[in-house]
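Encoded as structure tokens, the structure appears first; notes follow it.
Numbering (our numbering), first residue to last: 5 to 185.
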């Protein structure tokens with residue numbers, strides 16, 4: 005028998021009443037795991053890798069160095085210096101905000117990002133505002149995101165091996181940052 009782990013409402017665009025993530029979609033994933041969901045997406049006209057999908061926060065973050073590598077002139081970015089406090093209590097300064105198009109399969113959304121200038125192994129952290137704008141369902145267990153498109157339910161799959169490598173790199177970066185203080 006197939007096991008349905010998650011059921012989401014159907015899409016008016018797909019004329020689909022129920023879409024599900026099934027256990028057989030986890031073939032090749034080591035279980036149990038606590039790996040973060042990391043994907044690649046098109047932002048602007050560039051494929052951006054190392055995007056962390058974080059379902060527990062309300063601010064999409066793009067790092068200053070990522071914008072530089074994308075050749076985005078920061079003069080075009082609206083200055084909005086504010087503090088951003090994470091769940092762990094760490095406070096970052098938001099330098100500015102910027103709106104950028106994100107393309108996932110054939111769905112494009114203009115998303116507001118907070119620009120921060122902190123070291124990170126990720127290029128972007130996508131959070132609840134993008135997930136909601138996409139009408140998406142994320143599953144860290146399945147390492148995927150499913151969302152409606154005009155014709156179907158699309159899925160973007162994360163890579164567990166990459167996710168684990170990024171996690172180890174993040175730990176190493178944290179150690180370097182802590183010892184340099």
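Backbone N, C-alpha and C fix where the C-beta goes; we use that ideal spot for every residue, glycine too.
(message) For a minimum of 3 consecutive residues, which ranges assigned as the beta strand (DSSP E) are wholly contained in the segment 71 to 132?
(response) Every beta strand (DSSP E) stretch that sits fully inside the segment 71 to 132 and reaches 3 residues is listed by chain position as 82 to 89, 95 to 108, 111 to 120, 128 to 130.
(request) Determine the burial state of residue 148: buried for a count of at least 16 other Cβ atoms within 10 Å of its Cβ, exposed for fewer. (result) The count along the chain shown starts at 1 and reaches residue 148 at position 144. Burial call: buried.
(request) Report yes if the CB atom of residue 64 is closer than 8 Å to the CB atom of residue 115, and no otherwise. (result) Numbered from 1 along the chain shown, position 60 holds the residue referred to as residue 64. Numbered from 1 along the chain shown, position 111 holds the residue referred to as residue 115. Yes; because the gap between Cβ atoms is below 8 Å, this pair is in contact.
(request) Give me the Cα-Cα distance between residue 44 and residue 113, rounded to the nearest whole angstrom. (result) Residue numbering aside, residue 44 sits at position 40 when the chain shown is read from its first letter. Residue numbering aside, residue 113 sits at position 109 when the chain shown is read from its first letter. A straight line joining the alpha-carbon of residue 44 with that of residue 113 spans about 15 Å.
(request) Pair every Cβ in the segment 96 to 108 with every Cβ in the segment 31 to 42, then say whether three or more of these pairs are closer than 8 Å. (result) Too few Cβ pairs lie closer than 8 Å, so no.
(request) Name the residue from 87, 131, 108 whose alpha carbon lies nearest to the alpha carbon of residue 98. (result) Here the question's residue 98 lines up with position 94 in the chain shown. When the alpha-carbon of residue 98 is set against those of 87, 131, 108, the nearest one is in 87.
(request) Name the residue from 140, 153, 59 whose alpha carbon lies nearest to the alpha carbon of residue 110. (result) Here residue 110 corresponds to residue number 106 of the chain shown, with the count starting at 1. Of the candidates 140, 153, 59, the one whose C-alpha sits nearest the C-alpha of residue 110 is 153.
(request) Have a look at residue 143 and residue 53 and give me their C-alpha separation to the nearest angstrom. (result) Sequence index remark: in the chain shown, residue 143 carries index 139 (1-based). Sequence index remark: in the chain shown, residue 53 carries index 49 (1-based). Residue 143 and residue 53: Cα-Cα distance of roughly 19 Å.
(request) Quick one: using the 10 Å Cβ neighbour count with 16 as the cut-off for buried, is residue 180 buried or exposed? (result) Here residue 180 refers to the residue found at position 176 of the chain shown. Counting Cβ neighbours within 10 Å, residue 180 comes out exposed, since fewer than 16 surround it.
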